[in-house]
Every structure is written in C-alpha cells, then in structure tokens.
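*Asks:* Residue numbers (my numbering): 4 to 806.
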Ligand SMILES: Cc1cc2nc3c(=O)[nH]c(=O)nc-3n(C[C@H](O)[C@H](O)[C@H](O)COP(=O)(O)OP(=O)(O)OC[C@H]3O[C@@H](n4cnc5c(N)ncnc54)[C@H](O)[C@@H]3O)c2cc1C
C-alpha cells in the first residue's frame, strides 16, 4: 500500500468506486480507495439495483440519465457485466395532481432529449399486464428504467478505476483523518498512514462517523428499507419478455421482475430511522430483521394494484439501511471551511445517481468547477444552522414523501419553524403563510381575512392568487414592505477590499455612496453569483446576494482569498431590515428619517437616522419600482418595523411576500438566482453581461471566457414571452416549440398580476430571439401560444424606478 497519494477515497461502495473511476477518467491516476471490509460492504450489497431518470430537479434527472447510459460504457471498458436489464418502466398516476406531475416531467424531458412518453390505461395494461388499472388516469413510460447487479456494477467501476491507475485497498479501516498545517491530510488506517492532498468521504452508512473524524457534521441519516422477493409467478415466467418496472406512487411501491418472480419494495408511512446514535462499526453484511408490521398497509394496497401478489409466496425479504439527506438529494462537493475535504455522501439512489455524482465530483476536483449547476446536491446547500435534530425529522419526512407529488409551490412542514427573524410573530399576526429558505422562515404571502393560512399545493394557480394580486397592487399603486432578511449579506473592509472585489466580481465596483450590480463568474464564465455591491466608504463595502447560496458564496470567497489586508464577515443573520417599494416609498422614507432624501438618486447608498436607529439605506429594488432597502441591526428590527408601519399605514403600506416579489420581478424580466442566473448559464446568455465592466484593468475571474463571448456570442439568449395560459403558468424547464420543433426551454415564469398576463422567461436560439416571434410553450401537456415581448411590462423607460 502506498503512503503518499493525491486523493484518498474512503469507502468502497458504488459511490466511492464511481468517484475513483471518474478521477482516473479525467486524468488523475495517483488516487486510491480504502475500504474497511470488502467492496460493497455498506448499503450497496443489498440494494434492489433499480435505476430511473425521474427526479424533480432537472439537473439531477440529467445526471441520472448520464449514470444509466454509463453502464454500457463500463461494460465495454472492463469486459465485466453490470447485469443490466433495460426493461423500461411506468410511473402510475391515479389522481389529476399526480397526472399533472407526470405531464410536467414529460415536458421537461423533451428538451433534455429523454424519450419518455405519457400512456393511458390501455397501454399500461399492455406494457405492464399484472397492473390493475382501475382508477389509473395514465402513466409516464420511460424506456431507460431498469435494474442491474449492484455488486457486479460496483466491481466494474473498481476495475475501470484500476485500469486507470488507481489503487484499491480492502480490509483497511480508516481511523483518523488529520489535517496538517499546510492543508494536506494524514489518513490514519490500521495498515498505516497515508499522506494525501485530498480526502473524499464516500463512507455511505458511516459517512457521519467518517465526517466526525475531520470535525465535520454531514446532514444525513440512515433509514430502514425493505423489499420482498416472491416465489415464482406464472404470469411472469410465462411471458416472453421481461416484465417492466411499475412505480405506484399511490401505493408508495416499486415493483419489478426478479428471476421467475417479482420484487416489490415500499416507502412506507411508518418509516423507521436506523442507528440514530451512530452506525456501529461492526455492521456490514447482516440484514435487519423482517418487519411486516410497518409495511402491512402498503402490502394490502399492493394486493389491489397487483392481484398476482396475493397468490404468490414470499421467497426472501431484504431489509437494510441506507442514508438520506434532509431533501433526499446527495451531499456532494468541497466541504465549506476545510481545504481538500470532499463529500460524496447521502446518495440514496446509488444506481441512478452514482455515476453522475462521481463525474461531478471528479470534475470539481480536477477542473475546479462542474460542467453544470450542481446546487441541488451541493453539500453547501446547508449552512451552519443544520443540526442532527433538524436532519432526522426532515429525513423521515423525505422518506415518507418519496413517492408523493412534488408540487412547485409545496412547503414541507417537518422541523419547522427552525430559524425565524424577530418579525415572525408580527407577520404571523398579519396572516403570513410561511415558506422557507436555507432553514429560515420567509413569508410567501399574507392570507386574506377569513382565508386559510395554507397554500394548496398545485401545479396550477393556487389559493394564494388573490392575496398575491392584492400585494402586487399595493406595491404598484402605493407602497409595500417586506423583509430583506433573506439576502446573503457580507461586510468587506480593509485597504485591499476594492482590489479584491475588482478581481472576484466581474462588474463595476462602485465609488463611495454608490451601488452597482455585478455577476460573479467562474473561470469558465459560468454565473456563480449575482450581487449588489454597495460602497459605504472607501475600503468598506456591503455585498448582497441570494440568502440560500451563503455557504457556497463563503466557500468561494475563502478559496479565493484577497492578497491585501481585507476582512470578510458574513453578516446575513445579524444585519436585517426591510425593503419598501412603490410610488409612495419615497414619501414613507421621508416621513421616518431625519435627513432630506429628496435628492437621493437611484443606486445611491446612505446612512440615515430612522426613528431611534441608524440604518443603511440604498435606493434599489428587485420589484423594479421606486424602492429602498433599509438595513439595520437584527436587534433593532422590530423597532424599525414599528416606525415604518406606523408612518406607512396612512400611505397604504401593505406587507408583501415572496409570491408577490416573484410576480413583480416578471414585469421587468428580472432573472432570479438558480432560475436564470445559475452555473448552467453564462453572462452573455442571460443578459448579465451588461453588468460586466470590461473597461477595468483587472484580470477578474472569468474575464477571458466573458471576452470570448463578446467575440463569438453564445448560441442561445434569454427572452421573455407572454403566453395564452389557462389556469397554470410556467415554473421552469417547459419546452419552447418553434415551427413545430423544441428549440428552447423556460427558465422560470409565473403570472404578472400587474400586467395580468402569464409570463415565461426562456432560453431560445439567438437567431430566433426577435420581438413578436410566435411560438408555443408546453404547460401540463398543452401547447400554449406564446409571443416574444419587446420590452418590460412595467416602467419600460425606467422613469419610476430611477425618477
Ligand atoms: C433495501 C435497499 C434497497 C435499495 N434499492 C436501491 C435501488 O433499487 N436502487 C438504487 O439506486 N439504490 C438502492 N438502494 C440504495 C443504495 O444501496 C445506496 O444508494 C448505495 O448503496 C449507496 O452507496 P454508497 O457507496 O454511498 O454507500 P455504502 O454502500 O454504504 O458504502 C460505504 C462504504 O464505505 C466503507 N467505509 C465506511 N467507513 C469506512 C472507514 N472508516 N474506512 C474504510 N471504509 C469505510 C463501508 O465499509 C462501505 O463499503 C437500496 C438500499 C437498500 C438498503
């Protein structure tokens, strides 16, 4: 065993082996994997081996597609069999809501090039004849669904990695991971110590324990999971072709052929967490005792859906644990705050996702960034607020809702409220219906008197529609107020602050008293941040961005440290306040502050005395209206509220939530983080290039990529459509049909309550981006007529915003 290497991967399950293979594939051959027992000794060996592309997150779905297509490549490379059964599969829908979800998924797949199909009950009966289709409205058929041999596949990854130069050491337990002063690592095992530049935690069932060796808390938890293999079933073995998979969300089950019988597994409501206090080191090749009690109701339901099951005996029961993160997506990437420590954990569907996880992590390690947006599985999507007490109920909830409809407006209740601002009770009294971002409660909207404090989950317009319309009206006709708590805020100070910001931000770093907007780019020119930069004094800045991206921002800032003397402080939760917006916003601000603000210009920042507070006020608003962001110390937020509320009520002041905010921004075609502005896109594609300051003499990060786009503009361009919608608007990834072919996709959309129009933001070929273009956008199975707009719906000349 070598004692010096570039990367040590801890864990020889399917995920660790995939990471190892992808590292070698991308050219790093001095890599090794350490496995405490034999390969597959964690969750991997007892997996049912099923794979599918369906995932509510489009990037995750694409990575699942990559994983599935990779298996043939692995077989060809290694000469080993992955035991592939590409039998296809149907996901059933028995309610209009479930059917809506499948229609939405099908629409997304069109642009992704996945050849799924919506089928009706008769076709389901032909494809999967053991299914009782009573009450079934339809299904999504995916020819890529199938299953494989978990052990064969893991060993194929391992062989491919060895062929690329990797070393794999089994029966080698990692006991400690100790970081040296220079940032490199000593991995202490019972066979000796290995010095390495990078450590990858692919510890699966033991990822928590492996993380703890480096002082890292990884938010994941193992859950018990059980599937049953039946005796031979004549309806199965008498068939010529193998029976496809059937996913039955109503019964929370998945079913497939296993040999001459069937295999059926459940995501039961009586879900049981496993090893709450930690995974025992001596666990490995044993199974958990059978537990039919917890799946009794699921089995009864399955008898109705698949009547052959009632006549089939049980051949074997597989009951084992595997891990989940609070939202069910993997935890991948560089662990914030620890140089050279990478996570490849929480992969609950190793055979659908393992290839994509391996590829993304290997790209991140070898190239510094991934080829696509991996925010949905980035380990930094959780901040310091995450605790084992939060993770456990969220993981249980995720297990229980694994087969539930995932609505775009849905708010899952477990472990909430977790973090609240001083405004929580005040807003609750005003009718707030809460959403959450990065663990924080954020008002989605304020329920109208007599209306329920609950938004109906739906793909269509919800019961929040009228309340949101009224909040939008208050902003456009009088003045609205909401919190600026959900911005990530950073205080940057020191003589080197300007030079550092000039390097890290592509945009203009403003003069004292001024504010500017700036994209933050990766070296390849991808958008990794979208910031407001305010110069409070020379050498003192506030930068604000997406609250949910805080840990990712901080990780990027810390890994691109300033050369000069600079202090960087994440003040997101300490500095808070409100934004006020609308034609009467200036009157309101003037009423409450001592200074004369009549001359305060658009994009100006000042310190003002408001009531008893000294607040930082900047004239900018994401609503596209006349507006101000008012920042104060979190301890003063309630006092600030009372001053603004008392003065504002006679002016028609109304609170507004995120639903109204997202409607208001559509009036100006303002993009939003992770919809239009994400690492999937470049500045020139999305129009953010207008904020890049090419004239500055700094070699800012991403400069050469951004300059290359000036010479050769990208093939696609962000545009805004108005569409003839019925009762459902665009949410994201709906295909855009131009002249009968899918030529683009929506990034986001919704209803503009101000213009009373359904709006979609979309990326389409640059050559087609001509105002007035008529095309179609597919929403829930219907192709809706759409027209490309030639300017903002509100305040087209900016007179209100700047006036
Ligand atoms: C009953 C059941 C059915 C399932 N069905 C499916 C399915 O149909 N499809 C699907 O995609 N997924 C399925 N899964 C989930 C799948 O098994 C997991 O997603 C996958 O195995 C996770 O792989 P992993 O490599 O992350 O973790 P693991 O398989 O747990 O591997 C981690 C490895 O790390 C090693 N290790 C840990 N600590 C150390 C240390 N200190 N030193 C050295 N080595 C260490 C362990 O020995 C282990 O081999 C199922 C799981 C269960 C339990």
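Heads up, the beta-carbon is just placed ideally off N, CA and C, and yes, glycines get one too.
Every value quoted in this text rests on a predicted model; they were computed, and no experiment measured them.
Would DSSP call residue 13 helix, strand or coil?
*Replies:* Within the chain shown, numbered from 1, the residue matching residue 13 stands at position 10. Here residue 13 sits in strand by DSSP.
*Asks:* Since residue 581 sits in a beta bridge, which residues does DSSP pair it with?
*Replies:* For the purposes of this step, residue 581 is taken as residue 578 along the chain shown, with counting starting at 1. Per DSSP, 486, 633.
*Asks:* Among the candidates 459, 147, 668, whose CA atom is the shortest distance from the CA of residue 120?
*Replies:* Taking the first residue of the chain shown as 1, we reach residue 120 at position 117. Per the Cα distances, 147.
*Asks:* What's the C-alpha gap between residue 278 and residue 225?
*Replies:* The residue you call residue 278 lines up with position 275 of the chain shown. The residue you call residue 225 lines up with position 222 of the chain shown. Straight-line Cα distance between these residues: approximately 7 angstroms.
*Asks:* Please list, in chain order, all residues of the same chain as residue 273 whose beta carbon is under 6 angstroms from its beta carbon, the five residues on each side excluded.
*Replies:* Numbered from 1 along the chain shown, position 270 holds the residue referred to as residue 273. Around residue 273: 297.
*Asks:* Going by DSSP in three states, residue 71 sits in which element: helix, strand or coil?
*Replies:* Indexing the chain shown from 1 puts residue 71 at position 68. Helix, per DSSP.
*Asks:* Return the CA-CA distance between residue 754 and residue 669, expressed in angstroms with no decimal places.
*Replies:* Residue numbering aside, residue 754 sits at position 751 when the chain shown is read from its first letter. Residue numbering aside, residue 669 sits at position 666 when the chain shown is read from its first letter. Rounded to the nearest angstrom, the two C-alpha atoms are 8 angstroms apart.
*Asks:* Do residue 755 and ligand 1 come close, with the Cβ less than 8 angstroms from some heavy atom?
*Replies:* Taking the chain shown and counting its residues from 1, one reaches residue 755 at position 752. Answer for residue 755: no, Cβ out of range of ligand 1.
*Asks:* When DSSP labels each residue in this structure, what does residue 61 get in the three-state scheme?
*Replies:* Taking the chain shown and counting its residues from 1, one reaches residue 61 at position 58. Looking at residue 61 - three-state DSSP - the assignment turns out to be helix.
*Asks:* Counting beta carbon pairs with one atom in the segment 149-157 and one in the segment 43-54, are three or more of them shorter than 8 angstroms?
*Replies:* Yes: the two stretches touch, three or more of their Cβ pairs being nearer than 8 angstroms.
*Asks:* Using a threshold of 9 angstroms, state whether the C-beta atoms of residue 586 and residue 687 are closer than that.
*Replies:* Within the chain shown, residue 586 is the residue found at index 583, counting from 1. Within the chain shown, residue 687 is the residue found at index 684, counting from 1. No.
*Asks:* Tell me whether residue 83, by its Cβ, gets closer than 8 angstroms to a heavy atom of ligand 1.
*Replies:* For this step, residue 83 is matched to residue 80 along the chain shown. Residue 83 Cβ: outside cutoff for every heavy atom of ligand 1.
*Asks:* What residues in its chain sit with their C-beta under 8 angstroms from that of residue 266, if we drop five residues either side in the sequence?
*Replies:* Counting from 1 along the chain shown, the entry for residue 266 is found at position 263. Same-chain partners within the cutoff: 51, 230, 231, 232, 233, 258, 259, 260.
*Asks:* Would you mind giving the Cβ-Cβ distance between residue 629 and residue 591, rounded to the nearest angstrom? I have them listed as a contact below 8 angstroms.
*Replies:* Here residue 629 refers to the residue found at position 626 when the chain shown is read from its first residue. Here residue 591 refers to the residue found at position 588 when the chain shown is read from its first residue. The pair is not a contact, with the Cβ atoms about 10 angstroms apart (cut-off 8 angstroms).
*Asks:* With H, G and I counted as helix, E and B as strand and the rest as coil, what does DSSP make of residue 399?
*Replies:* In the chain shown, residue 399 corresponds to position 396, counting from 1. It is helical.
*Asks:* Would the segment 184-192 count as touching the segment 278-297 if we require 3 or more Cβ pairs under 8 angstroms?
*Replies:* They do not touch, by the three-pair rule.
*Asks:* Given that a residue counts as buried once 16 or more other Cβ atoms are within 10 Å of its Cβ, and exposed if not, what is residue 97?
*Replies:* Along the chain shown, one-based indexing puts residue 97 at 94. The residue in question, residue 97, is buried, as its Cβ has 16 or more Cβ neighbours within 10 Å.
*Asks:* Just to confirm, does residue 324 get its C-beta within under 8 angstroms of one of the non-hydrogen atoms of ligand 1?
*Replies:* In the chain shown, the residue the question calls residue 324 occupies position 321. Flag set: Cβ of residue 324 near ligand 1.
*Asks:* What residue range is occupied by the uninterrupted alpha helix (DSSP H) comprising residue 760?
*Replies:* Position 757 of the chain shown, counted from the first residue, corresponds to residue 760. Residue 760 -> not in any alpha helix (DSSP H); beta strand (DSSP E) instead, spanning 760-768.
*Asks:* How should residue 240 be labelled, buried or exposed, when 16 other C-beta atoms within 10 angstroms of its C-beta is the threshold for buried?
*Replies:* Against the chain shown, residue 240 aligns to sequence position 237. Exposed, because fewer than 16 other Cβ atoms sit within 10 Å of the Cβ of residue 240.
*Asks:* Heavy atom of ligand 1 less than 8 angstroms from the Cβ of residue 165, yes or no?
*Replies:* Here residue 165 refers to the residue found at position 162 of the chain shown. Residue 165: no, Cβ never under 8 angstroms from ligand 1.
*Asks:* Would the beta-carbon of residue 808 be found less than 8 angstroms away from any heavy atom of ligand 1?
*Replies:* An answer regarding residue 808 cannot be provided, because it is not within the stretch 4 to 806 covered by the chain.
*Asks:* Inspect the beta-carbon positions of residue 401 and residue 331 and report whether they are closer than 9 angstroms.
*Replies:* In the chain shown, counting from the first residue as 1, residue 401 sits at position 398. In the chain shown, counting from the first residue as 1, residue 331 sits at position 328. Yes.
*Asks:* Count the other C-beta atoms from every protein chain shown that fall within 10 angstroms of the C-beta of residue 697, then say buried if there are 16 or more, exposed otherwise.
*Replies:* Here residue 697 corresponds to residue number 694 of the chain shown, with the count starting at 1. When all chains shown are included, residue 697 counts as exposed.
*Asks:* Would you say the beta carbon of residue 354 comes nearer than 8 angstroms to a heavy atom of ligand 1?
*Replies:* For this step, residue 354 is matched to residue 351 along the chain shown. At least one heavy atom of ligand 1 is nearer than 8 angstroms to the Cβ of residue 354, so yes.
*Asks:* Please report the residue range of the beta strand (DSSP E) in which residue 435 lies.
*Replies:* Taking the first residue of the chain shown as position 1, residue 435 is located at position 432. Looking at the DSSP string, the run of the beta strand (DSSP E) that includes residue 435 is 435-440.
*Asks:* Less than 8 angstroms between the CB atoms is what I'm expecting for residue 368 and residue 172, so what's the real figure, rounded?
*Replies:* Within the chain shown, numbered from 1, the residue matching residue 368 stands at position 365. Within the chain shown, numbered from 1, the residue matching residue 172 stands at position 169. Actually they do not touch by this definition, with Cβ atoms about 20 angstroms apart.
*Asks:* Please find out if some non-hydrogen atom of ligand 1 comes closer than 8 angstroms to the beta-carbon of residue 841.
*Replies:* Outside the shown range of the chain, which is 4 to 806, sits residue 841, and nothing can be said about it.
*Asks:* So is the beta-carbon of residue 230 under 8 angstroms away from any non-hydrogen atom of ligand 1?
*Replies:* Residue mapping note: residue 230 aligns to position 227 of the chain shown, counting from 1. The answer is yes for residue 230.
*Asks:* Is there at least one non-hydrogen atom of ligand 1 closer than 8 angstroms to the beta-carbon of residue 380?
*Replies:* Residue numbering aside, residue 380 sits at position 377 when the chain shown is read from its first letter. Checking every heavy atom of ligand 1 against the Cβ of residue 380, none is found closer than 8 angstroms.
*Asks:* Quick check on this structure: which residue in 142, 328, 136, 291 has the alpha carbon closest to the alpha carbon of residue 305?
*Replies:* In the chain shown, the residue the question calls residue 305 occupies position 302. Among 142, 328, 136, 291, the Cα nearest to that of residue 305 belongs to 136.
*Asks:* Can you tell me the Cα-Cα spacing of residue 386 and residue 441, whole angstroms?
*Replies:* On the chain shown, residue 386 is found 383 positions in, with the first residue counted as 1. On the chain shown, residue 441 is found 438 positions in, with the first residue counted as 1. Taking the straight line joining both Cα atoms gives about 7 angstroms.
*Asks:* Smallest Cα separation from residue 110: which of 24, 133, 802, 779?
*Replies:* If you number the chain shown from 1, residue 110 lands on position 107. Closest by alpha carbon: 779.
*Asks:* Going by alpha carbons, who is nearest to residue 264 out of 247, 113, 252?
*Replies:* On the chain shown, residue 264 is found 261 positions in, with the first residue counted as 1. Of the candidates 247, 113, 252, the one whose C-alpha sits nearest the C-alpha of residue 264 is 247.
*Asks:* Quick one, which of 797, 555, 74 has its alpha-carbon nearest residue 89's?
*Replies:* For this step, residue 89 is matched to residue 86 along the chain shown. Here the closest residue by C-alpha is 74.
*Asks:* Let me check you understand the geometry: is the CB of residue 192 closer than 8 angstroms to at least one non-hydrogen atom of ligand 1?
*Replies:* Counted from its first residue, the chain shown places residue 192 at position 189. Yes - ligand 1 has a heavy atom lying nearer than 8 angstroms to the Cβ of residue 192.
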